[in-house]
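Going by UniProt numbering, the residue at position 326 of the sequence shown is 326; the numbering climbs one at a time, nothing skipped.
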Amino acid sequence: MSNQATELLVSACIQSLQAYPPFDRMEAESLRFLAQRVKLAHYPSGARILARESGVARTLYILQRGRVDVVRSGGDRKRESSSVTLGPGQSFSIGALMAQRETVGAYVARDDVFCYELAAEDFFALTQKSTVFNLFCTQYIADLLRQSQQQLQLQLAQRAAEQKTMNSPLSMILSREPVAVTADTPVRRVVELMASQHLGSMVVVDAERQPVGIFTLSDILKRIVLPGASLEQAIAEVMSPAPQTLPVAANAHDAALLMAMHRVRHVLAVDEGGRLRGVVSERDLFKLQGAGLRQIRHAIDAATSIAVLQHAREDVRQLALTMLSEGVGAQEITQFISTLNDAVTRRVIELNLDRHDFYGIDWAWLAFGSEGRDEQTFTTDQDNGIVFICTDIMDREQTQLRFLDFAREVNDDLDKCGFPLCKGNIMASNPELCLTLEEWEEKFAQWVRTPEPLALLNATIFFDFRPLHGRFNLAHRMRLSLLRQTQANPLFLRMLAQNALEVAPPLGRIRDFVTGDDPEHPGTIDLKKYGVRLFTDAARLFALANQVEATNTVARLRRASSLMKIAAEETAAIVDGFNFIQMLRLRHQHFEQEHGRSGDNLIRPDELNEVERHILKESFRQARRLQVRLKLDYQI
């Protein structure tokens, strides 16, 4: 081919590529380098361009024309389903090329496809030559994360739309079977039923279970107590006749309008035969309208009883779901959940302080574990303790007993509010975790001096502490003391690094993922043990080694990485990997609880779509890179 013809082809290629990022921003010399080295290839509809069986990726593909489906590799093509479709300007196999591995999915031409193909050696040369292209490739996981975030947002938005809203039919709102009585039932029996069933109203029905009246809590005062009416008379004598009814197919807006028009607080849902199906109250409609952050926080701070706080906890969960559906990131959601859980805990403490006098004593309530890191998800138990100052004139044992009595009540009330008691007894009511400042400092010092397995395990829990109530300066003093102790003991840090390497990312050499062998949960991965822990362990070690006071994992990684001269792009990829795993945990726990289960951290990789599987694998690789750094830094 003549030089002139070659130059025309290069120019045409440059013009074609410049229509798409990152080539539209690429340096002219680098873009020309790319255009001179790519080859244009054609693939007919249905052709498998790239798949796992192709082996280690050796080519970068840039779509020039046509569309490519990303499907599960292997197996019968008919059973494969596309989760992503790529179009002109998009590239594939970047992740596989950079990691020098097989591709995760198969890439199949949806129609006639033309691809620019760049050999691996030229690909790596281009990453060295072009800053723009290098940044594009190193941020690849972030780009994938955005794709997954969009898919997750759509999925959760759909599920949120399926949740109960003011557009929901009454049949979806009814949460319990209706309790009803006949017109000749004595008032005493009706009141007893309302009390035992925790009902705000009682429906009166005829022999066909068609509503003929309703009797409410306010009627007890107005029609029974004040007039001094007999409790033995029939309920028909004091009920409100002809109650407002709507068919179960009507929606919540219809019920709200009916209540407003007739100034009533209850609407009865009936079936096509007019038979009672349930009761919709004014409170039910209020709950459907949802509560915002400010309203929830105000309700928590103003709560006068544990019962009010129980409702607030459910509001926290519902608002967190809304945030998920709106595409809010995992870091923001876990901090949001932790912040409002902190508020609930503080209010429980304040309510209990009304019965306990600690005047003149400096003390603080501490949170450990995920709450100490500001990383709580939907499923969490209690991890807390107390630190106090014991002066010379105080009886240490007597003071501790007073705090233990107080802590037991707080722990029990937190349990009622949806924070289960810790099975490992990591609670302030445990005498081992209700200590003076000096005792806490000595406990930490002992663990650092003698890094036995139990001491290392304790470090992974208790070194992530944060004050929630009381004198915050006590926790600050504990932190400074801990950092001094760890800085002076490199052996402890090395043992902590070794402990962090005991669990490896669940990546297989042959399969994408290594799943657990638990017969009760086959084919699953524990995202907390084999995902989140890998990041939190490394971040904790970085923080202790570099005198970083932060307890939040992302904050630790960013601050320590800056001190350790780790490239910002590398840190961003690590953070993205951690946040993606957290997002999967949040979504899984929500779906589990939606189906009446307690919610765990066990996900099935086979149930993820191709983009999610790809990002999860890249996220585990980020965890593995952290572990490689630990091995090098501590010569393990």
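Don't be surprised by glycine CBs; every beta carbon is placed ideally from N, CA and C. Small disclaimer: the values here were computed from a predicted structure and weren't measured.
Short Cβ contact (8 angstroms threshold) for residue i with residue j
{"i": "Gly55", "j": "His614", "result": "no"}
{"i": "Leu456", "j": "Leu496", "result": "yes"}
{"i": "residue 652", "j": "Leu324", "result": "Since the first residue shown for the chain is 1 and the last is 636, residue 652 is missing from the structure and cannot be characterised."}
{"i": "Ile386", "j": "Ala343", "result": "no"}
{"i": "Phe532", "j": "Phe492", "result": "It should be noted that the sequence gives Val, not Phe, for residue 532. No; because the gap between Cβ atoms is not below 8 angstroms, this pair is not in contact."}
{"i": "Leu118", "j": "Arg37", "result": "yes"}
{"i": "His262", "j": "Val280", "result": "no"}
{"i": "Phe114", "j": "Leu40", "result": "yes"}
{"i": "Val308", "j": "Ile349", "result": "no"}
{"i": "Met202", "j": "Val179", "result": "yes"}
{"i": "Arg604", "j": "Pro505", "result": "no"}
{"i": "Arg477", "j": "Leu437", "result": "yes"}
{"i": "Ala35", "j": "Leu63", "result": "no"}
{"i": "Ile361", "j": "Ile393", "result": "no"}
{"i": "Arg346", "j": "His469", "result": "yes"}
{"i": "Ala572", "j": "Ala560", "result": "no"}
For residue i, the nearest candidate out of the options (CA to CA)
{"i": "Thr127", "options": "Gly200, Leu31, Ser201, Thr85", "result": "Leu31"}
{"i": "His588", "options": "Glu610, Leu544, Ala47, Lys528", "result": "Lys528"}
{"i": "Val628", "options": "Leu534, Thr391, Arg466, Phe124", "result": "Leu534"}
{"i": "Thr85", "options": "Met259, Val68, Phe92, Ala255", "result": "Val68"}
{"i": "Asp112", "options": "Phe388, Ile300, Tyr43", "result": "Tyr43"}
{"i": "Cys417", "options": "Ala320, Glu53, Asp315", "result": "Asp315"}
{"i": "Pro467", "options": "Asn384, His198, Ser130, Leu630", "result": "Asn384"}
{"i": "Ala475", "options": "Arg509, Phe465, Leu483", "result": "Phe465"}
{"i": "Thr339", "options": "Asp354, Arg317, Glu350", "result": "Arg317"}
{"i": "Met564", "options": "Val71, Gly599, Leu541, Arg347", "result": "Leu541"}
{"i": "Val108", "options": "Glu441, Lys129, Leu353, Arg52", "result": "Arg52"}
{"i": "Ala242", "options": "Lys222, Gly278, Val204, Ala57", "result": "Val204"}
{"i": "Arg176", "options": "Leu221, Leu276, Glu549", "result": "Leu276"}
{"i": "Pro576", "options": "Val264, Ser93, Gly329, Val308", "result": "Reading off the sequence, residue 576 comes out as Asp, not Pro. Per the Cα distances, Gly329."}
{"i": "Ile333", "options": "Asp395, Met583, Arg58", "result": "Met583"}
{"i": "Met259", "options": "Ala249, Arg479, Thr245, Glu272", "result": "Thr245"}
{"i": "residue 714", "options": "Phe358, Gln376, Tyr359", "result": "In this structure the chain extends from 1 to 636, so residue 714 is not present and cannot be described."}
{"i": "Cys462", "options": "Gln398, Ile224, Leu221, Leu433", "result": "Correcting the residue type first, residue 462 is Phe in the shown sequence and not Cys. The shortest Cα separation from Phe462 among Gln398, Ile224, Leu221, Leu433 belongs to Leu433."}
{"i": "Arg484", "options": "Asn499, Thr450, Phe444, Pro522", "result": "Phe444"}
{"i": "Trp440", "options": "Ser11, Asn458, Thr515", "result": "Asn458"}
{"i": "Ser429", "options": "Ala567, Lys423, Phe403, Leu454", "result": "Phe403"}
{"i": "Arg313", "options": "Pro420, Val264, Glu397, Gly369", "result": "Pro420"}
{"i": "Glu442", "options": "Leu482, Leu454, Asp413, Asp415", "result": "Leu482"}
Cβ-Cβ separation, residue j to residue i (assumed contact under 8 angstroms), whole Å
{"i": "Ala252", "j": "Leu170", "result": "7 angstroms"}
{"i": "Asp526", "j": "Asn579", "result": "In fact, because the Cβ distance is near 18 angstroms, the residues do not count as touching under 8 angstroms."}
{"i": "Cys137", "j": "Met98", "result": "6 angstroms"}
{"i": "Gly508", "j": "Val514", "result": "5 angstroms"}
{"i": "Ala19", "j": "Gly87", "result": "Actually they do not touch by this definition, with Cβ atoms about 12 angstroms apart."}
{"i": "Thr450", "j": "Asp537", "result": "Not really, about 20 angstroms apart at Cβ, beyond 8 angstroms."}
Residue environment, residue i, which counts as buried when at least 16 other CB atoms sit within 10 Å
{"i": "Gly66", "result": "buried"}
{"i": "Asn473", "result": "exposed"}
{"i": "Arg283", "result": "exposed"}
{"i": "Gln622", "result": "buried"}
{"i": "Asp405", "result": "exposed"}
{"i": "Ile581", "result": "buried"}
{"i": "Leu366", "result": "buried"}
{"i": "Ala269", "result": "buried"}
{"i": "Tyr61", "result": "buried"}
{"i": "Glu612", "result": "buried"}
{"i": "Ile49", "result": "buried"}
{"i": "Ala320", "result": "buried"}
{"i": "Asn3", "result": "exposed"}
{"i": "Ser305", "result": "exposed"}
{"i": "Ser598", "result": "exposed"}
{"i": "His590", "result": "buried"}
{"i": "Ser230", "result": "exposed"}
{"i": "Lys617", "result": "buried"}
{"i": "Thr219", "result": "The question names Thr, but residue 219 is Asp in the sequence shown. Label assigned to Asp219: buried."}
{"i": "Gly369", "result": "buried"}
{"i": "Pro211", "result": "buried"}
CB contact check: residue i to chain C, cutoff 8 angstroms
{"i": "Leu493", "result": "Of the protein chains in the structure, only one exists, and it is not chain C."}
Any non-hydrogen atom of the ligand PLP within 7 angstroms of residue i CB
{"i": "Thr127", "result": "With respect to the ligand PLP, the structure shown offers nothing to examine, as it has no ligands at all."}
**Report entry** alpha helix (DSSP H) segments (min. 4 residues) lying fully within the stretch 393-466
**Finding:** Within the stretch 393-466, the complete alpha helix (DSSP H) runs of at least 4 residues fall at 396-416, 437-449, 453-462.
Query - Ordered list of beta strand (DSSP E) runs contained in the stretch 191-228, each at least 3 residues - result: Counting only runs of at least 3 residues, the stretch 191-228 fully encloses the following beta strand (DSSP E) elements, listed from N- to C-terminal order: 201-205, 211-216.
Query raised in the report: What runs of the alpha helix (DSSP H), each 4 residues or longer, lie entirely inside the stretch 260-290?
Result: List check, alpha helix (DSSP H) in window: 282-288.
**Report entry** Segments assigned alpha helix (DSSP H), at least 4 residues, entirely inside the stretch 332-356
**Finding:** none
Report task. Go through the stretch 28-92 residue by residue and report every complete run of the beta strand (DSSP E) that reaches 3 residues or more, in order. Result -> 39-43, 48-50, 59-65, 68-72, 82-86
Requested in this report: Could you pull out every unbroken beta strand (DSSP E) segment of at least 3 residues lying fully inside the stretch 111-143, listed in chain order?
Outcome: 113-119
**Report entry** Complete beta strand (DSSP E) runs within the stretch 465-496 (minimum length 3 residues, chain order)
**Finding:** 466-470
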